[in-house]
Every structure is written in C-alpha cells, then in structure tokens.
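Trainee:
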Amino acid sequence: MSVRAVVILVFVVTLAILPSSWGRNQNVPRVCIQDGCMRGSWMRSLHGERYEAFIGVPFAKPPIGPLRFANPVPNGPWTEEELDASGRIPRAACLQQNLFLPNRGVEGKEDCLYLNVYRPFKREGTQNATTARLPTLVYIHGGGFLAGYNSPLVAGAELLMDQPVILVTIAYRLGAFGFLSTGDDAASGNFGLKDQRLALRWVQRNIEAFGGDPQLVTIMGHSAGGASVHLQLMHLGNEGLFQRAISLSGNALTPWSAPRTNPEQLARIQAKLLGIKQAHQMSTSELVKTLRTIDAEQFVYSYKGFTNGSRYPVIVFGPVVEPSTVEDAFLTDTPKEVWSRGEHLSVPWLTGVVPNDGFIFSAPILKDTDCSKETFVQQKTLLLNVLGGVKRLNALPMLMEHFFKNQSAIGECLTREQVNILTKIFNEGLFKYPLTLSVRQHANHTSAKAPIYLYSFNYKGPNSYSTILAPEVDPPQDFGIVHCDELIYIFRAPILFPDIRRNSPDAKVSKKITKLLVDFARTGVVPENTETDQSYSDFPQALEMTNSNNEDEPMVQKYTNFYDEDMFNFWTRFYSYS
C-alpha cells in the first residue's frame, strides 16, 4: 500500500468514526481541568453504548527547538476558550518510520505529545448513573521504541468501553527523538520514558475531572510499551502515580530493551549519517546543539544507515543508563541490576505472552528469495544482533546445535522452511526467557513486594497480525498466534482489521479479556487458582486463555505451568560469559 493510499485510508476511516457535524452549541461532552475546558465527541462501544471521547489533549509543550533531546516540559493553560478535543482534526503521531510496517513510510511530527481520554457515558436513571469513581487504564503503545500510535484508528476504545473503566492512550517520543543520548547532561536520554512519566503525572492531576479515581490507576503496555511499564515500575519517583501494572508481551529484561552500552558513540554515528562534519571532534554540547538544527524528517530517513539493508527490524535507539548526577534522571543502573536488587515499586503486576511473539522478528525471513553462502553468513550475524546481549564466543554454534541439530540439513541459508524455528528462537530468547527471569528474581524479594500474575493468551481467532507483519505471503499461511494478536480483542483497529460483530465468538472473547483487565485494574488480583496440582509451587502458574469447542463460550480459562526449566537453563548459559 502506498503512503498516499494510507493517508487517504486514514482520512476516510477518521470521517467514519467521528460525528458528522460540529457546532459550538451541540450537546457534546465537555470537561474542565487545570489547563482549561475542552469539548469532546460521542462514540459507540462494540455493543452500542454511547461513550465520551476527548482526543488530542496536550500534556507537554511541543518538544521542538531547544526542547528536542530534552526532558519534557508540562504545557501551560491553552489559549483557546475551549479546546477542540473532538478528534475532528487528528493529531499527528510521533515522527517515525515504522520498520515493522515499512510501506507506511515516514510519518508523524515532532509536536506529538498528546493523549486521548475515553469514558463511559453515565445516563441518569440507569445503573451507570453512579457517583463511584472509575478505575483508569493508561495504555502505552508498542513499536520497538521506534514506531507506534495511540490513535483511535489502531487503539480504539470501543471494546473496553463496554466495561466500567476510563481509558487513556498516550504518545511518547520515538527513535532518536525519544532515546538519543550523549551519556551526559547535554542529552541524558530516556526522553520517551520521561514523556510517559509526565503523562502519568497529568493523569494523576486531572483524572478526577473525568470521573476517575486517582488511586485506581493502572499502566498497561504492549511490547515496547510492556517493557516501558516494567521500566516505570523501576522508577521509584513514580510512587503514587499508579497502583497496578500490566505488561503484554513486553519486558525490560529483554535484550531489545537493554540499555545501549555506548550511547555517545551512537549519537555521533547518527550525526555522521545526517551529514554533520567533524561530528566526532565536537563536544557533546556542540553536538546536541547542531543536531537540533537538522530537519526532523532527515533523522527518520537516516535510520536505514544503521541496518545495512537488513530486513530484520533492528531497534537502534532505546533506554540508556543516565549518570546519577543528571537532574531528574529516569534510570541510573541497568534494569537487570535494579530488578535483581528488588528496587522497584510494590505494585501488583500482570504480565504474559502469546505462543509466537517471536514472529515479529522472524517474519522478515519470508522476504528472502536469494539464497547463498554469503546470505547465510549475513543471516547468522543478524540473528545474533537481533538476539542481542550475547557474551559467549561460541554463541552461534551453541544456538545452531540446540535448535537446528544438524546444520547441514538447513542448506545454503535460512529460508521460509525455517521460519517456525526462528520464531521459536526469538520467542524464547526475547520474550519467554526475560519474563521467566524477572519472575524468578522477583521471588527473591517477595517479603516486601506485591505479587506477579501470569497469563498465556492462546486463543486463535479468524484475524491475525501475521497478515500485517508478512503481507507478501500469498496465500496467507497459519503462523499461529503471533505478536499483537491479543490486541485484536482489546482495541478496535479499523485501519487494520474488520470490526468485530456483536454477539460473535470474537465479541465474547473480547468481553472476557477486557473484563479480566478491568477487574485487575479495580482489584489488583486475577481469578483465583482453585486447582491443587501445581508442579512448580515456587513459580506462579499462568492463567491460560485458549479455544474451546463451545460456541457460547469460545474461549476458556485455566491455569497451566509456565516454567520451562530446560528453556531457562539454555538461555541462561547463552547470555552468560563463556
């Protein structure tokens, strides 16, 4: 799909989901907060219930000019008498080139720090007309710290609004804008994480005006958003900002979220790719000052220089360890060290995976048609780069022996025939192992910490993100339940998938999973495990959601053992020194 076609599609879908007329005197939702008053719009939930939407509310000053590569600054009161938060004129996404969806091209703007608030409509004389304040879910989108959206086109509230909850979806700076660092106070880094933190402060300050309970705030994120949730747990300055946490297929101990080892060098390489002469001779202050003068889109176009033409989505910029001397630092030690010491907020945490999360990284292999020994050498190098954090000299032979057994059976290079094995490698190394490690380390500090609850989303429905991640596969193949597939039942994404029909099996699945999330947001617990047989009593079982043969109840929940000792031991050896 061309960029122009996507723009047209976005415009058409936006018109389809928003009201048809816009007058100041309309009976539209209105809310006043410290920054001023705003008017929103009406929308309909999956089951036809009316709810209020406030789209594009600023929570920070535009991070442009001197605020590029700087901590976010809270916005002042807006100048308009009444802010138009109807969504009639959509706010741009944060500037990005979505390497997971490359056909989207370069999109977005630097001025992107806005959030959306959705709340159920309380009709007088009905059960909904209650004075009780609602729990709030604050959603942090994924996208490898380099892409992603909080737009109602991909993170629509229609499914969650059938539950008694307020939903806030936030944006944060991506790529270099969110995570470039010089390793000192010239540009300390972690700006995207600090954007998230500022949005959480906005929620704490303002959610009461929307009918929310500031003492019932849950942060929820997917993929890099799930890792962000984990990182927000480790920032002790967040105490009181949220009371629950949910990480969907994302963990801060995963290699793709690990702090960059030499961020200053990365910043200088970025400058060189942008054509800045003498970048390696400049002081860090001079370097940042010069980088602020470069046209923003040029940064995004330059990212391909880091990948050497690789089809693998290499995550270049991400979290960094900041010097403790930096004012208002977010992360001053590695997540592994912080988490292993138990230095995190005592907040109930619900986290889990889907069976084939690793497909997000293996899907690009489906595009390889040229196969040669040279290709194989490049593929194996990229394989280790994507897995990241490798310290053993014999890592590659160890990997090939464990997963491929007889390497000669592979042939000249990795092809579509090996995509399932690659998915398993990435799934274990980048998703399941980091999750297992974080649970085991948490167990060492249970005396002072809130519980961890695990889930495993194993429900297979008619739609899958595999058609988005591997659109060139024709006819479509069944790659199992892949990264993002659980989101189909949590958020409406009209730009990607057809709408779920009322009373369909998918609608029933959506109702069940959204209820699970909202119940956790309200209570901080998940359904009790009444089963007595627990093979690993020191490791929590996972609440598994899987298909049934019952049309009235298409998805069933049961508890299952998550811990895989052989898997854990292999990856512990793989990521250790030789």
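In terms of mature numbering (1 follows the signal peptide of the UniProt record, and there is no 0), the sequence shown is residues -23 to -1, 1 to 555. From the three backbone atoms N, C-alpha and C, an ideal C-beta is built for every residue, glycine too. Everything numeric in this text was worked out from a predicted model, so none of it was measured.
1) By the three-class DSSP mapping on this structure, what secondary structure does G120 have?
2) What is the rounded straight-line gap between the Cα of S158 and the Cα of N480?
3) Would you kindly check if the distance between the Cβ of F122 and the Cβ of S27 is under 7 Å?
4) If the criterion is Cβ atoms closer than 7 Å, does the pair D305 and S226 meet it?
5) Return the CA-CA distance between residue 556 and I429, expressed in angstroms with no decimal places.
6) For the alpha helix (DSSP H) containing L175, name the first residue and the last one.
7) Taking Cβ to Cβ, would you say V297 is nearer than 7 Å to P240?
8) What do you get for I147, buried or exposed, if any count of 16 or more other CB atoms within 10 angstroms of its CB means buried?
9) Going by DSSP, name the residue or residues bridged to P35.
10) With H, G and I counted as helix, E and B as strand and the rest as coil, what does DSSP make of F219?
11) From the DSSP output, which residues share a beta bridge with M522?
12) Helix, strand or coil for Y410, going by three-state DSSP, please let me know.
13) Identify every residue that forms a DSSP beta bridge with K86.
14) Thinking just about the alpha-carbon of each residue, which of F456, P49, D88, F539 is nearest to the one in G33?
15) Do F456 and F276 have their beta-carbon atoms positioned less than 7 Å apart in this structure?
16) Would you mind giving the Cβ-Cβ distance between D515 and A420, rounded to the nearest angstrom? I have them listed as a contact below 8 Å.
17) Taking Q418 and L391 to be in contact with their CB atoms under 8 Å, please state how far apart those CB atoms are, rounded to whole angstroms.
18) Taking P312 as the reference, which of G282, L376, S234 has the closest Cα?
19) Quick one: what's got a C-beta closer than 7 Å to I387's C-beta in the same chain, skipping five residues either side?
20) I need the DSSP call for D139, collapsed to helix, strand or coil.
21) Measure how close the beta-carbons of V363 and F403 come, nearest whole angstrom, since I'm counting them as under 8 Å.
22) For T113, is the classification buried or exposed, using 16 other Cβ atoms within 10 angstroms of its Cβ as the cut-off for buried?
23) Along the chain, where does the alpha helix (DSSP H) that runs through S317 open and close?
24) Measure the C-alpha to C-alpha separation of T352 and G252 and round it to an integer number of angstroms.
25) So what does DSSP say about G202, is it helix, strand or coil?
26) So, at 6 Å on beta carbons, what are the nonlocal neighbours of G133 in its own chain, with the 5 sequence-adjacent residues on each side left out?
27) In three-state terms, what does DSSP make of Q454?
28) If I'm right that F434 touches G329 with Cβ under 8 Å, what's the distance once you round it to whole angstroms?
29) Scan the region 339 to 367 and note each continuous alpha helix (DSSP H) run of 4 residues or more that stays entirely inside, going in chain order.
30) Should I196 and V131 be called a contact, given that it needs their Cβ atoms to be closer than 7 Å?
31) Taking all protein chains shown into account, decide if K171 is buried (16 or more other Cβ within 10 angstroms of its Cβ) or exposed.
32) What is the DSSP secondary structure of D476, counted as helix, strand or coil?
33) Would you tell me roughly how many angstroms separate the C-alpha atoms of Y513 and M522, rounded to the nearest one?
34) Residues bridged to L114 by DSSP?
35) Please state whether the Cβ-Cβ distance between V94 and F36 is less than 7 Å.
36) Under the three-state reduction of DSSP, which class applies to E29: helix, strand or coil?
Mentor: Looking at the coordinates:
1) coil
2) Each residue's Cα considered, the two are about 50 Å apart.
3) The question names Ser, yet the displayed sequence has Arg at residue 27. Cβ atoms of R27 and F122: not closer than 7 Å.
4) no
5) This structure cannot speak to residue 556, because the chain is shown only from -23 to 555.
6) 168 to 183
7) Contact flag set, yes.
8) The residue is buried, with at least 16 neighbouring Cβ atoms inside 10 Å.
9) In the DSSP output, where bridge partners are listed per residue, P35 has Y91.
10) Note: F219 maps to coil in three-state DSSP.
11) F434, Q534
12) helix
13) C71
14) D88
15) no
16) 7 Å
17) Actually they are not in contact, since the Cβ atoms of Q418 and L391 sit about 33 Å apart, beyond 8 Å.
18) S234
19) F381, Q395
20) helix
21) Going by Cβ atoms, the distance from V363 to F403 rounds to 7 Å, so yes, they are a contact pair.
22) buried
23) 312 to 317
24) 30 Å
25) helix
26) F468, R469
27) DSSP, reduced to helix, strand and coil, places Q454 outside both helices and strands of the structure shown, so it counts as coil.
28) 7 Å
29) 350 to 364
30) Contact: no.
31) buried
32) Here D476 sits in coil by DSSP.
33) Here Y513 scores only 49 on pLDDT, less than 50, and its place in the model should not be relied on; the value that follows carries that caveat. Y513 and M522 have their C-alpha atoms spaced approximately 20 Å apart.
34) DSSP, once it has assigned bridges, lists L144, T195 as partnering L114.
35) The Cβ atoms of V94 and F36 lie no closer than 7 Å to each other.
36) strand
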